[in-house]
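See below for the structure under consideration.
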Amino acid sequence: MIKTLNAQQFNGDEISITVAGLKLAGRQWGNPEGRPAIALHGWLDNCASFDAMAPQFGNIHLIALDLAGHGFSDFRSPDSSYNIWQDVPEIFSVADQQGWEQFALIGHSRGAIISAIAAGTLPERISKLVLIDTLGPDTVEPEQAPEQLRKATLQRLQPLKTRRYYRSSEQAIASRLAGRLALSEQAATQLATRGLSASEQGFYWHADPRLKHASDIKLGSDHAKAFLQHVQCPTLLCMGADGLRKATSQFTVPLFPLIKKCEEMVLPGGHHLHMEESADAVAKAINYFMA
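Below, the structure written as structure tokens:
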């Protein structure tokens, strides 16, 4: 089921899409007759991640989703998990409900990894791929698989950790500024519009706490390479000069050079460059690439 407003031009209109009983929320932008595109945000973010760029897109009809467990979308059922491949069929179901046989994917961080895997799964359906400040999937080799599943199983057997509550929205927003990857106050405030809730106990980030659990199983490096080598569409990789590559060495070795038609550009900014000082530059690059 799809609910939209009958407008000539979408301007961040709320959208609700039901996929296999799971409600996915989001916002849509741009020309309803423009080039179709779906945007996927990063881990513990939400579709407000694209608010700074989306109004600048030209002839594009963009649906920016809150992935399951994030923003205003439903949590996955208690017997499910948040493995990256679970989002893939849901993306194509969203496109099917829009009547889009082909569409572009724009992803940031974890959303970019999901986008690349989707493009490698059904390459004939993805027209263009935009990846923002991301490295390859975080992989696990076969000999590490038992330990990976052990970690996930032990977490499932434990009660969920109590949410952290804050006295004010400002204090909750400040907690995001202290994360591993630098985030500006402006960007954190934007994410709070869809990620922060209030209760009698205080303010809290309402994403599903299980998103912090270990994945049950991760792709091996050969699996990840196979997906990326299967991507057929033109691809744009936008990296922040002070983003993932500079901020951490804990992620896997970059694999995106394996994509056949991938061009890379480095812009000023950190991991959330598309929300901060380089938002205009990233939007301009995407407009040029999508034209």
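Numbering of the sequence shown is given in the working numbering, commencing with residue 37 and proceeding in unit increments.
Virtual Cβ for every residue (Gly too), placed ideally from N, Cα, C.
This one's a predicted model, so the numbers in the text were calculated from it and none came from an experiment.
CA-to-CA distance, residue j to residue i, given in whole angstroms
| i | j | result |
| --- | --- | --- |
| Phe287 | Leu247 | Legend: pLDDT at Phe287 = 49, less than 50; position of this residue unreliable, no value from coordinates given. |
| Ala319 | Leu185 | 39 Å |
| Ser314 | Asp169 | 12 Å |
| Leu219 | Leu171 | 18 Å |
| Gly48 | Asp87 | 8 Å |
| Ile150 | His144 | 9 Å |
| Thr157 | Gln237 | 44 Å |
| Ile127 | Phe239 | 31 Å |
| Glu179 | Ile253 | 12 Å |
| Phe325 | Trp79 | 25 Å |
| Ala111 | Arg192 | Going by the sequence as given, residue 111 is Phe instead of Ala. Whole-angstrom Cα-Cα distance: 15 Å. |
| Pro182 | Ala90 | 42 Å |
| Gln265 | His259 | 10 Å |
| Arg281 | Leu303 | 13 Å |
| Ala155 | Pro125 | 11 Å |
| Asn42 | Lys59 | For Asn42, the predicted model reports a pLDDT of 45, less than 50, meaning its position is unreliable and no value from the coordinates is stated. |
| Trp121 | Ile142 | 16 Å |
| Ser235 | Glu221 | 23 Å |
| Thr195 | Cys274 | For the sequence presented, residue 195 should be read as Pro rather than Thr. Pro195 and Cys274: Cα-Cα distance of roughly 39 Å. |
| Gly135 | Leu103 | 20 Å |
| His77 | Glu299 | 21 Å |
Buried/exposed call for residue i, threshold 16 Cβ in 10 Å
| i | result |
| --- | --- |
| Asp115 | exposed |
| Lys297 | exposed |
| Lys197 | exposed |
| Tyr118 | buried |
| Met301 | exposed |
| Leu213 | exposed |
| Leu167 | buried |
| Leu165 | buried |
| Pro173 | buried |
| Ala208 | buried |
| Ala327 | exposed |
Test item: CB-CB of residue i and residue j under 8 Å
| i | j | result |
| --- | --- | --- |
| Ala342 | Ala140 | This structure gives no information on residue 342, because the portion of the chain shown stretches from 37 to 327. |
| Ser205 | Leu232 | yes |
| Asn323 | Gly147 | no |
| His307 | Gly279 | yes |
| Ala321 | Leu272 | yes |
| Gln44 | Gly66 | no |
| Gly57 | Ala243 | no |
| Arg216 | Pro245 | no |
| Arg230 | Gly107 | yes |
Integer Cβ distance of residue i from residue j, believed to fall under 8 Å
| i | j | result |
| --- | --- | --- |
| Leu123 | Leu227 | According to the sequence shown, residue 123 is Asp rather than Leu. The pair is not a contact, with the Cβ atoms about 19 Å apart (cut-off 8 Å). |
| Ala188 | Ser251 | 6 Å |
| Ala84 | Leu101 | Not quite, the Cβ-Cβ distance comes to about 11 Å (not below 8 Å), so this is no contact. |
| Ser129 | Val55 | 4 Å |
| Phe263 | Ala152 | 7 Å |
Residues near residue i in its chain [Cβ-Cβ closer than 6 Å; skip 5 each side]
| i | result |
| --- | --- |
| Gly305 | Gly276, Glu312, Glu313, Ser314 |
| Ser257 | Thr175 |
| Gln268 | Pro159 |
| His249 | Gln191 |
| Arg161 | Gln138 |
| Tyr201 | Gln237, Gly238, Tyr240 |
| Thr225 | Ile209 |
| Gln92 | Ala319 |
Own chain residues within Cβ distance below 7 Å of residue i, not counting five before or after
| i | result |
| --- | --- |
| Gly70 | Asn95, Ile96, His97 |
| Gly163 | Note that residue 163 corresponds to Ser in the displayed sequence, not to Gly. Same-chain partners within the cutoff: Gln138, Phe139, Ala140, Cys269. |
| Glu177 | Gly256, Ser257 |
| Pro68 | Phe46, His97 |
Residue i Cβ short of 7 Å to the ligand FAD heavy atom set
| i | result |
| --- | --- |
| Asn67 | This structure does not include the ligand FAD; it has no bound ligands of any sort. |
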